[in-house]
Amino acid sequence: MTVEVRLFASFRNGRFKMKDVETEAGYSVGDVLGKLEIPVAEVGILMVNGESAAFERTLAAGDVLAVFPAVGGG
Amino acid sequence: MAGYCGKILRVNLTDGQIKQETLDISLAKKFVGGRGLATYFITQEVPADTDALGEGNKLIFSAGPLTGSKVPTGGRYMVVTKSPLSGTIASSNSGGFFGAELKHAGYDMIIFEGKSEKPCYLYINDDVVELKCAGKVWGKMVSETTDALIAEVGEDKARVAAIGPAGEKLSLIASIMNEKYRAAGRSGVGAVMGSKNLKAVVVRGTGKLAAADEEKAKEVIKGVMEKIRQCDVTAKGLPAYGTAVLVNVINETGIYPTKNFMEAYTSRADETSGETLADKYLVKNTACYRCPIACGRLCKVDGVEAEGPEYETIWAYSADCGVYDLPAVIKANNLCNEYGLDTISAGATIACAMELYEKGLIKDEELDGVPLEFGSSEAIVEWTRKMGAGEGLGAKMAMGSYRLAESYGRAELSMSVKKLELPAYDPRGVQGYGLQVATTNRGGCHVRGYLISPEILGLPESIARTSIEGKAGWVKVFQDLTAVIDSLGMCLFTSFAIGADDYTDLFNAVVGEEWTGAELLKAGERIWNMERMFNLAAGIEPCEDKLPKRLVDEPIPAGPSKGQVHRLAELLPQYYKERGWSEEGKPCAEKLAALGI
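Chains as they are written, first to last, in numbering that gives the first Met the number 0: chain A, 0 to 73; chain B, 0 to 596.
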């Protein structure tokens, strides 16, 4: 199955903005991040389909995973 | 007296008299400084029912005890007055170097009263203070005014806070600009300055400020600097992408107001994001006084280099107007800075006008050939210019979205609270933030208690954005703490890295006190209640603690927050209770007595 991964800010450097990533049933958010070699410690905000998500969250086909480093502004 | 200069300048523009007054230090500490102390003076000296653009209103430039000190980001100052836009207390915050320069010249505060017969500016060079003729720069843009006045006084290092043509023409969304690009933007403070025929304040200060305990201050500052350097937000995200790094975060959450809040998500956000800005238009970062973050953006478009745009500005001119064209957004931002317009209110008013046009209320014959169509790059640039110049319908738009929409019989289409335009977050998908903006003393403002931080960014901890549980308490604490940070003279962005105890340590070391964090927060609560009492006396009743009808009645139509509305009716009673106010939303005598006001 595939999930859509959207990367933002510094996570785009040397990677991509948006990509369909092949996963297997039962894959978690953390598994996908590992596959993309994104260090967990650098992750600030994780969203699955616009909702805040944990690393343990199991992904389903067609989910949209958005990954941000810690950011702020206003 | 460390931290404070102990001197106030009182400038009567009617008779030209300038007096130095001694600041009561115990009074200053009670209200901290900056926003709090100036609000105290306004409540004591300006009857709440005063015409905001009349001679009876006063305009205060106020620095905090940490402004001009060695504390990181200690360069902030506040402009406090009665707002001509909202009728509420106005306190508009700015960075840059002007506030620190004022302190280095030896003053905590300047109080302007009355009205000058002719355009003038105030020149301060340490102990020499004089009112000078501004005839040559009246009608000029902010950058030209700034350069001309620096040349006229012959002090290259002088700092200038000035209004542009918008403030002169009494636009109710006019800003005061210092160092050309830093804005005391909100609430129409520039119109109050214009109403007094005061074009600018030019300051040169050469004094040095010592902390009460230099060794302790050095140690505390070192610790705070370390926290700012260790925090990914202040050390990485803001320097690399500026505040506009939020564009994609807020859009991906589905709370990015689009087309005057008719929608809350766009597939095109990235076209005008902080990432795209950094990639295509950023020349270099800029920093305010003693700021290690340096989130400012010097950008270049069509050969013109200027600072900005910030996140809120990008949103107002981009998604809110349906325009995904960064060069056009940058040009509109530059026009706002030159004419002296608040970028949030200006962009949001154009978005409101676009909806009025789409609904057939604004007619083609009013538009001078520039249709107010969502998505039009030409419209955002040209209508900003017309607002600044006060041309045609632009003159009406320069009074803000509420008065514009009201004039067409559709006030509910103004996305504002207490007539101040809402910033770049849809309250329907973020409940605490919605409560915060509904109850803020100056109206629809995000920086009086930035609940986006815990509800979206997960700082200092993550709380569920769609839940109302516990939100009233969060809002109260954030509002009170922010009142303190504003009053100290520090940048709010430090709060991504440090907490109430750190601010307390900085205050204690610089001022020479032994306050607890609870005492500092109580000072914030005192300031908040004092502002509330001014508003009540001004006739701003608790029924004004509301959100636009659209945000409580119409569910978000699509995107990640689809179906959500704001639950303000449930939250308000909890908030009033949390504040210790009556069920009607008024501070009771016991609460005021406990706060010493």
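Quick reminder that beta carbons are idealized off the backbone N, C-alpha and C, glycines included.
Taking a C-beta distance under 7 Å as the contact criterion, K117/B and E54/B do not qualify as a contact pair.
Between the beta-carbon of L450/B and that of G71/A there is about 13 Å, and that puts the pair past the 8 Å contact cut. Taking CB atoms only, G29/A has no neighbour in chain B less than 7 Å away. If you check the CB distance, W527/B and D479/B come in under 7 Å.
The beta-carbon separation of T233/B and A496/B, rounded to 5 Å, stays under the 8 Å limit for a contact.
Within the region 210 to 237 of chain B, C230, D231, V232, T233, K235, G236, L237 place their CB atoms closer than 9 Å to a CB of chain A, listed in sequence order. Under the Cβ criterion (8 Å, minimum of three pairs), the region 416 to 429 of chain B counts as touching the region 243 to 262 of chain B.
For a cut-off of 8 Å, the C-beta gap from A183/B to V78/B is around 4 Å, short enough to register as a contact. Listed along the chain, the chain A residues whose CB falls inside 8 Å of the CB of A239/B are A8, S9.
Considering only beta carbons, no part of the region 52 to 86 of chain B lies closer than 8 Å to chain A.
Between the alpha carbons of P46/B and T144/B lies a gap of roughly 33 Å. K131/B and L121/B have their alpha carbons spaced roughly 6 Å apart. Distances from the alpha-carbon of N12/A to those of A239/B, S581/B, A243/B put A239/B closest. Cβ neighbours of G321/B within its own chain (closer than 6 Å, five residues either side excluded): K258, F373, G374.
Assignment of G295/B by DSSP, reduced to helix, strand and coil, places it in the strand class. With a contact defined as Cβ atoms closer than 8 Å, V248/B and K330/B miss out at about 25 Å. By the Cβ criterion, the region 301 to 319 of chain B is in contact with the region 346 to 364 of chain B, since at least three pairs of Cβ atoms, one from each stretch, lie closer than 8 Å. With respect to chain A, the C-beta atom of H565/B has no partner C-beta closer than 7 Å. Counting only Cβ-Cβ distances below 7 Å, S452/B has contacts in chain A at G71, in chain order.
By the rule that beta-carbons nearer than 7 Å mark a contact, A60/A does not touch chain B. The region 176 to 194 of chain B and the region 53 to 73 of chain B touch, with three or more beta-carbon pairs separated by less than 8 Å. Proximity of the region 153 to 172 of chain B to the region 92 to 111 of chain B meets the contact definition, three or more beta-carbon pairs being nearer than 8 Å. Apart from the 5 residues on each side of it in sequence, S486/B sits with its Cβ closer than 6 Å to the Cβ of V31, G32, G33, R34, G35, G63 in its chain, given in chain order.
Interface criterion not met: the Cβ of P38/A is under 7 Å from no Cβ in chain B. Unbroken beta strand (DSSP E) runs of no fewer than 3 residues, entirely contained in the region 234 to 306 of chain B, are found at 281 to 285, 295 to 300, 303 to 306, following chain order. Relative to the Cα of E468/B, the nearest Cα in the group E577/B, Q43/B, G387/B, V551/B belongs to E577/B. Under the three-state reduction of DSSP, S375/B is assigned to coil, being neither helix nor strand. Legend: CB atoms of the region 495 to 512 of chain B lying less than 9 Å from CB atoms of chain A belong to residues F495. If one requires a minimum length of 4 residues, the alpha helix (DSSP H) runs lying completely within the region 461 to 487 of chain B are 470 to 487, in chain order.
The Cβ atoms of P541/B and G472/B do not sit closer than 7 Å to each other.
In the three-state DSSP reduction, A59/A falls in the coil class, being neither helix nor strand.
With a threshold of 7 Å between beta carbons, A65/A makes contact with chain B.
Not one beta carbon of chain B lies nearer than 7 Å to the beta carbon of G13/A. Residue ranges of uninterrupted beta strand (DSSP E) with 3 or more members, entirely inside the region 44 to 92 of chain B and ordered along the chain, are 58 to 62, 76 to 81. Residue pairing of D19/A in beta bridges, as defined by DSSP: E3/A.
Residue nearest to G61/A within the set L6/A, V20/A, F15/A, S9/A is V20/A (criterion: CA-CA distance).
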